[in-house]
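In what follows, a structure is listed as structure tokens, so that the remarks can point back to it.
Residue numbers (our numbering): -11 to 191.
This is how it looks when you write it as structure tokens:
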């Protein structure tokens, strides 16, 4: 599992710098990039917490969970009940999703990740209760660091494009528009998020 700055980041910056939209954003963040942790379960839990709530709210819940549980591992999570996990500010369904994947962690984690295509990886992740397309895409970006992921279900990404390209509103239109950044839509997504938030998005 790759950690730190993705090996393809330099190529992505060079490619995207030729785009009229990205060329306005990239110079503002010359020494920053996506940074991978290489911790699949950690990113899964952060993504579950972040589903359909603001970044500020998600950060507060995450901090409470870490204070209660300590290190975010399947083994530690399984020492707590659904009620105890939910008491950190999670809904009961979200708490059950986290516990459910912790219980199936061997099946969830023990894969030959490098042999999987993006589609195969996405299909593996969404087999687990609580992981929908958005959560799978966040994991593919922030843990697996697949280089060509754009999440059409991410409200922040859609809003960033709408601000930069007046007249683009429809999600399908934006998804089609984002193809201009392929094969580095992951890096484009990171830069789009930066236009909205002074702190880099992390999962």
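We put the CB at the ideal spot given by N, CA and C, even for glycine. Source: prediction; values computed, not measured.
{"Asked": "Please determine, among -5, 153, 121, 14, the residue with the shortest C-alpha to C-alpha distance to residue 1.", "Found": "14"}
{"Asked": "Give me the Cα-Cα distance between residue 191 and residue 162, rounded to the nearest whole angstrom.", "Found": "23 Å"}
{"Asked": "Look up residue -8 in the DSSP assignment and give the residues it is bridged to.", "Found": "24"}
{"Asked": "Using a Cβ-Cβ cut-off of 6 Å (strictly less than) and excluding sequence neighbours within five positions of residue -9, which residues of its own chain qualify?", "Found": "24, 26"}
{"Asked": "Can you tell me which of 76, 121, 61, 111 puts its alpha carbon nearest to the alpha carbon of residue 94?", "Found": "61"}
{"Asked": "Below 8 Å on the Cβ atoms is my guess for residue 68 versus residue 57; work out the distance and round it to an integer in Å.", "Found": "6 Å"}
{"Asked": "Tell me the DSSP secondary structure of residue 9 in three-state form.", "Found": "coil"}
{"Asked": "Find out if the Cβ-Cβ distance for the pair residue 37, residue 48 is shorter than 7 Å.", "Found": "no"}
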